[in-house]
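So the structure is just underneath, and the comments pick up after that.
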Amino acid sequence: MKYLSLLCLIFQTSLFGMNIDGFAIRYNGGELSILNQQKLPSEAEWIDVQTPEQMVEIISTLKVRGAPMIGVSAVLSLAQMAERGLSFDEIEKAAYLLRKARPTAVNLAICVDRVLDAMRNGGDYRAAILATAENIYREDTDLCASIGEAGNALIQPGERILTYCNTGSLATAGIGTALGVIKAAHAQGKQIHVYACETRPLLQGGRLTAWELEECGIPFTLICDNMAATLMQQGKIDRVLVGADRIAANGDFANKIGTYSVAVLAHFHGVPFHVAAPYTTIDPNCPSGDQIRIEERSPDEVRGYGKICWSPKDAPVYNPAFDVTPSSLVTSYILNVGNLSLEEFLQEAR
Ligand code: MRU
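Per numbering that gives the first Met the number 0, the very first residue in the sequence shown carries number 0; after that it's consecutive.
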């Protein structure tokens, strides 16, 4: 069945060309552009992408970010090379470069490997790359919709939901993961209220989630990360929804630095804590959270933001971009296949 849909897509793509008009990514006949997430929300700048090296820079500087979205962006960069007639060897070399642009989110490696497998399958490698890239994009929009549906079933009218980082349409090809659940609940008129943590150091919550929520007309309150505890103590949070960059086979998962503290707080206060992700974020080859490679980033991201530096210029810094939340703190896994307990997740991840 999978083969049949890939064949149909190859046929369609070669007849009509690939055309993607996404929220944060666009592709049309070899022209690729990315909404620069570094500049949001003050400026909506679209970057014209010309080379895979440029895409590596865009991914590693977080102009495009979010686990599913970096996978989608990398494969569309390979599709652009295919459409522009680059050789098999050139595309393969670029794939290896793109694959290691960021180390923690497994989606990037999984998506690039899918393209590598397709191009090595024999036949027209350029058509196979284009069809696989388009398939990955379209599949991610469907996965988000399924996650939204599965998670929405948990949400009661009037809930106050805390979320972390950005897991919406900027981070995926669809409505998002954790933020997709929130959007689905809002669309059903459940009168929810969102508390968005600002997410230091790069402020994906304060800049991007707040912007997305505003665009969708979802009522929200922006808080500094260190305010979550007080809100939970005051009984003002009913549920926590977060995304993931890599879920290990035992259910531990890596997500934006600070997620673990929110999980500990939720556990202490008896607030349900859910992780929402597509199957492309599960790494069956990674036995547990302590095996997940955590990206360390530039000290300047902690010393200040953009051109502003608020610390002594050379202040020593520790800047891990992600942390690991153990499965014992997770109430349930909201996946594209449904809302799973840890036991159900362990079977699914096998
Ligand atoms: O460093 P980022 O902004 O790419 O980190 C993003 C996150 O941690 C998200 O929560 C995760 O990728 C899930 S996005 C659906």
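C-beta atoms are modelled at their ideal positions from N, C-alpha and C, and glycine is treated no differently. Model, not experiment: these values are computed from the prediction.
| query | result |
| --- | --- |
| Using 7 Å as the cut-off, classify the Cβ of LYS255 as near or not near the heavy atoms of ligand 1, replying yes or no. | yes |
| Please report the residue range of the beta strand (DSSP E) in which LYS255 lies. | 252-255 |
| Considering only residues of the same chain and omitting the five flanking positions on each side of LEU230, which have a CB-CB separation below 8 Å? | LEU161, TYR194, ILE222 and ILE236 |
| If we cut at 8 Å on Cβ distances, does PRO277 have a partner in chain D? | Absent from the structure is chain D; it holds one protein chain and no more. |
| Counting Cβ pairs, one atom from each stretch, are 3 or more of them under 8 Å apart for the segment 69-86 and the segment 132-140? | yes |
| At the level of alpha carbons, what is the spacing between ARG101 and PRO218? | 33 Å |
| If you measure between the beta carbons of THR280 and ILE246, is that distance less than 8 Å? | yes |
| For GLY147 versus LYS189, is the C-beta distance shorter than 8 Å? | no |
| Of all the options VAL336, ALA228, ALA144 and GLY204, which has the alpha carbon lying nearest to the alpha carbon of GLN36? | GLY204 |
| According to the Cβ coordinates, are THR258 and VAL270 closer than 8 Å? | no |
| When the Cα atoms are used, what is the spatial distance from PRO325 to LEU85? | 44 Å |
| With a CB to CB cut of under 7 Å and the five nearest residues on each side skipped, what residues in its chain are close to PHE10? | Its pLDDT being 48, under 50, PHE10 is placed unreliably by the model, and the measurement read from it follows with that caveat. No residues qualify anywhere along the chain. |
| Go through the segment 2-76 residue by residue and report every complete run of the alpha helix (DSSP H) that reaches 4 residues or more, in order. | 51-59 |
| Mind checking whether VAL274 and ALA243 have CB atoms under 8 Å apart? | yes |
| Unbroken alpha helix (DSSP H) runs of length 4 or more, entirely within the segment 242-293: which are they? | 258-268 |
| Could you tell me the distance, in whole angstroms, from the CA atom of SER4 to the CA atom of GLU138? | Legend: pLDDT at SER4 = 49, less than 50; position of this residue unreliable, value from coordinates given subsequently. Going by the C-alpha atoms only, they are around 11 Å apart. |
| Taking the C-alpha atoms as reference points, what is the distance between GLU91 and LEU115? | 7 Å |
| On the criterion of 16 or more Cβ atoms from any shown chain inside 10 Å, does THR50 qualify as buried, or is it exposed? | exposed |
| Along the chain, which unbroken stretches of the alpha helix (DSSP H) at least 4 residues long are found entirely within the segment 151-224? | 177-186 and 209-215 |
| Could you check whether the Cβ of THR176 sits closer than 7 Å to any heavy atom belonging to ligand 2? | Looking for ligand 2 in the displayed structure turns up nothing; the ligands present are ligand 1. |
| Compare the C-alpha of LEU202 against each of ILE256, HIS266 and ILE46 and name the closest. | ILE256 |
| Would the segment 67-76 count as touching the segment 110-127 if we require 3 or more Cβ pairs under 8 Å? | yes |
| For ALA104, is the beta carbon positioned less than 7 Å from some heavy atom of ligand 1? | yes |
| Can you give me the Cβ contacts of PRO40 inside the same chain, cut-off strictly under 7 Å, excluding the 5 residues immediately before and after it? | ARG206 and TRP210 |
| Around the C-beta of ILE69, are 16 or more other C-beta atoms found within 10 angstroms, so that it is buried, or is it exposed? | buried |
| In this structure, does DSSP put LEU115 in helix, strand or coil? | helix |
| To which residues does DSSP link THR324 through a beta bridge? | PHE252 |
| Just tell me which of LEU341, LEU345 and LEU334 has its CA closest to the CA of GLY150. | LEU334 |
| Using CA coordinates, which residue listed in ILE291, PRO315 and GLY288 is at the minimum distance from SER297? | PRO315 |
| Hey, ILE57 and ILE33: beta-carbon distance below 8 Å or not? | yes |
| Return the bridge partner residues of LEU129 from the DSSP annotation. | None, per the DSSP bridge assignment. |
| Please classify CYS7 as buried or exposed, where buried requires at least 16 other C-beta atoms within 10 Å of its C-beta. | Low local confidence applies: a pLDDT of 47 at CYS7 is under 50, so the model's placement there is unreliable, and no value is given. |
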